[in-house]
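Remarks on the structure that follows.
Protein chains: 2
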Amino acid sequence: MVGHLLARGFRVALHTRTRDKAEALVARGATWADSPRAAADGADVVVSMVGLPDEVRAVMFGDDGLFAALRPGAIVVDMGTTPPSLAQEIDAAARARGAHAVDAPVSGGDVGAREARLSIMAGGDTAIVAALEPIWSTVGKSWVHQGPAGSGQHTKMVNQILIATLMIGVCEALLYGARAGLDLPRVLQAVSSGAAGSWSLTNYGPRIMKGDFEPGFFVEHFIKDMGIALDEARRMRLSLPGLALAEQLYVAVQAQGYGKKGIQALELALASISGLPWPPPPVSAPSGR
Amino acid sequence: MVGHLLARGFRVALHTRTRDKAEALVARGATWADSPRAAADGADVVVSMVGLPDEVRAVMFGDDGLFAALRPGAIVVDMGTTPPSLAQEIDAAARARGAHAVDAPVSGGDVGAREARLSIMAGGDTAIVAALEPIWSTVGKSWVHQGPAGSGQHTKMVNQILIATLMIGVCEALLYGARAGLDLPRVLQAVSSGAAGSWSLTNYGPRIMKGDFEPGFFVEHFIKDMGIALDEARRMRLSLPGLALAEQLYVAVQAQGYGKKGIQALELALASISGLPWPPPPVSAPSGR
C-alpha cells in the first residue's frame, strides 16, 4: 500500500515494528519514522494498519502514539480490522483535538494490497471520507462510505460473518463428497455456477482438494475478527449461532496447530472430528462430460 | 420439463397425482396415464420427479408403480432429490429385471425448469447416462456424470450442504448489519463482489432486505433435503456440525409457520431469536459513493 502511495507521488513517513520490512520502501523515497508519533508529526493524513485492538490502542494513544503529534485538521485513518466501538473512541479523541477520524478496513487480502485492488469500507464524516479519495483510488479498486464512525468496521464484520459460515459449508460439503466417494473436481463443476456457488468455493475448493493450506488469510487473524464480531453482537444483544459455531471450529483448527495456516485449514479440523484423513484417497473419475 | 420434451418431439405419457396440472400438457400432445405403471408401459425411458422418499418408493415399487410395467432394456430416471441409498436400491431392482436406473437430481429451481436451464447431476452406468443426452439437453443447460448409482444424489447433497450454511451466513450478516444501523444496500455493494460474495447473497440479499419471503425454494422441501443429507452422513459416520445447525434453525423456521415460504425466511427465525423485527426500521443513507 505504501509502495502504491509513493508511486502516485505521496510523501510518506513510515513506521513499522520490524524496521527491515520498511527498507525497500525507504529506498524508494519513504522517510523512516522511529515511532507512530514521529510518523504523525506534521502529517495531513495518518494511516494505521495493525491487527489487535491493544496494538491499535498503543499506536493511537501510547506515549509514542500518533495522537501525541496529531495536529488539528489532520485525519487519522485506521485501515486494520478493529472493533467498531474502538473506531468510535478514536473518532471522539480526534474530535477533542479538532482532528478527524475515519475507519476504513479493507477486503481483498495480500493480493488485493499488492495489486491495488482492495475494497474499502469507510466510516466517518461524509466530507472527510470523500477528501481521502486520492488515497482510496491509489490503494483500492472500490470504496463505499458506509456511514458515521464505526460503520466501516461494522461493514467489515458483515463481510467476516459471511466468510465464516461460507467456509463451514465449503469444508463440510467437500468432506461429505469425499466420504461418499465422489470425484470432487466433477462435483465442483456441477455445483459451482448455481445457487450453491460462492467466491470461497471457487477459490478455496481447488486448494482444499489438493491439501494446500497455505495462507492467504491466517486462521489466527480470522479468529481475532470473529471475536470482534461476537463481542459487538453481544454488546448489541444479538445472538448469532452460525458465527459462534464457526468461531469454535476455528478455535479447534488453531488448537490442532494450524493457526498460521490459511482459513481453508478448517477442512483439517472437520475431517479430524470424524477421524478421517485429508486429502482423501484418490477416486477413479467416471467418463462423461 | 414435459413441455420442453414435447416441443422437442418426444412422445410423452404422463401421470401426476393432481390431474388438473396435466391438462395443458395433454392439450399439447402428451398422453394421460392413470398410474405410474400405465406411464411406464412400453416406454423406453421413465422419468420420476416426486419429493419424499416414501412417495418415490410408491411410484417405483407400488402395485401401480412403474416397475410393474418396466420392460427389459428400459431406463428409469429419478430426477427428484431423494436418498442416495434409495437410488442404489432402485438401481439394483432395475438390474434384476434387465433394465437400467439413473439418478439425476437437478438444481436451478422452478425458473430453471421453466427456462430449460437446469443443472443435472447424474449417477449410473456411463453408457446409459450418455444415452440420455437428448433428454438432458432438452431440459437442462448442463449435465455432469458423477459416477455410479447414487452419485447424482450425493452430488445434490453437496449442493444442499453448501446452500444450508450459506443461508445462515447471509441471514446472520444482514441481521448484524441491520442491528448495527448500517444501510444494507450499501453494505451489499461493498461485500458482494469479494471473498464474501455468493449467488445466495446476490439473489436472496435484496429480497430479504425488502421482507420478500415468497418461494423460490420451499422451507419444507429444504428440511427434507437436509434430513436426507444428515441421514446419509450419519450412515457414513460423518459429523457435520454446520449442516446440523442449519437443519435445526430451519426446523425453527417451520415451527414459526414459515414452512411454505422460501428458504430466505430463515431471516425471520434468526431475528426472532434476538427479539428483533424484520425488516428492520429504515436507515438514512449517507452520501458518498
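Chains as they are written, first to last, in my numbering: chain A, 402 to 690; chain B, 402 to 690. Positions of the beta carbon are idealized from the N, C-alpha and C atoms, including for glycine.
Per DSSP, B:K557 is one residue of the alpha helix (DSSP H) stretching across 552 to 580. Leaving aside the five residues that flank A:G660 on each side, the residues in its chain whose CB is nearer than 6 Å to its CB run, in chain order, V620, E621.
For the pair B:Y577 and A:A634, the CB atoms are nearer than the 8 Å cut-off. Residue environment for B:T432: exposed (fewer than 16 other C-beta atoms within 10 angstroms of its C-beta). Per DSSP, reduced to three states, the secondary structure at B:K662 is coil, with no helix or strand assignment.
Membership of A:H501 in any alpha helix (DSSP H) is not indicated; the residue belongs instead to the beta strand (DSSP E) covering 501 to 504. Residue range 620 to 636 is occupied by the alpha helix (DSSP H) that includes A:H622.
DSSP places B:M522 in the strand class (E or B) of the three-state scheme. If you draw a straight line from the Cα of A:Y651 to the Cα of A:G553, it is about 24 Å long. By the Cβ rule, the segment 609 to 629 of chain B counts as touching the segment 481 to 491 of chain B, because three or more pairs are nearer than 8 Å. With fewer than 16 other CB atoms across the displayed protein chains lying within 10 angstroms of its CB, B:R409 is exposed.
At least 8 Å separates the beta-carbon of A:L426 from that of A:V447. Taking a beta-carbon distance threshold of 8 Å, B:G578 counts as an interface residue toward chain A. Cβ-Cβ distances below 7 Å link B:V460 to P437, S449, V451, G466, L467 in the same chain, with the five nearest sequence neighbours on each side left out; the list follows chain order. Using a Cβ-Cβ cut-off of 8 Å, A:P642 counts as an interface residue toward chain B, since at least one Cβ of chain B sits closer than that to its own. Within chain A, Q547, G548 have C-beta atoms less than 8 Å from the C-beta of B:D584, given in sequence order. Against chain A, the CB of B:S673 has no partner CB under 8 Å away; the residue lies outside that interface. Interface with chain B (8 Å Cβ-Cβ cutoff): A:I569 is included. Judged by DSSP in its simplified three-state form, A:V413 adopts coil rather than helix or strand. Assigned with DSSP and collapsed to three states, B:W544 falls in strand. Contact holds between the segment 562 to 575 of chain B and the segment 564 to 578 of chain A, because three or more Cβ pairs, one in each stretch, are under 8 Å apart. Residue-level contact by beta carbon fails for B:A532 and chain A, as no gap is shorter than 8 Å. If you check the CB distance, B:A434 and B:H416 come in under 8 Å.
Cβ proximity to chain A below 8 Å picks out G582, L583, D584, R587, V588, Q590, A591, V592, S594, G595, A596, A597, G598, S599, W600, S601, L602, N604 from the segment 582 to 615 of chain B. Around the Cβ of B:L453, a 10 Å sphere holds fewer than 16 other Cβ atoms; the residue is exposed. The Cβ of B:R515 sits no closer than 8 Å to any Cβ of chain A. Secondary structure remark: continuous beta strand (DSSP E) runs of at least 3 residues inside the segment 423 to 472 of chain B, in chain order: 446 to 449.
Within chain A, no residue has its CB atom less than 9 Å from the CB of B:E648, the nearest being about 12 Å off. Within the same chain, L471, R472, P473, G474, A475, I476, V477 come within 8 Å of B:A500 by CB-CB distance, once the 5 residues on both sides are set aside. For B:R608, the closest C-alpha among the options B:L639, B:Q665, B:T419 is that of B:Q665. By the neighbour-count definition (other C-beta atoms within 10 Å, threshold 16), A:Q649 is an exposed residue. For A:V654, the enclosing alpha helix (DSSP H) has its first and last residue at 642 to 654. Taken atom to atom, the span from the alpha-carbon of B:M610 to that of B:I521 is near 31 Å. With respect to chain B, the C-beta atom of A:V413 has no partner C-beta closer than 8 Å. In this structure, the alpha-carbon of A:I536 lies about 13 Å from that of A:D504. At a cut-off of 8 Å, the C-beta of B:P680 has no neighbouring C-beta in chain A.
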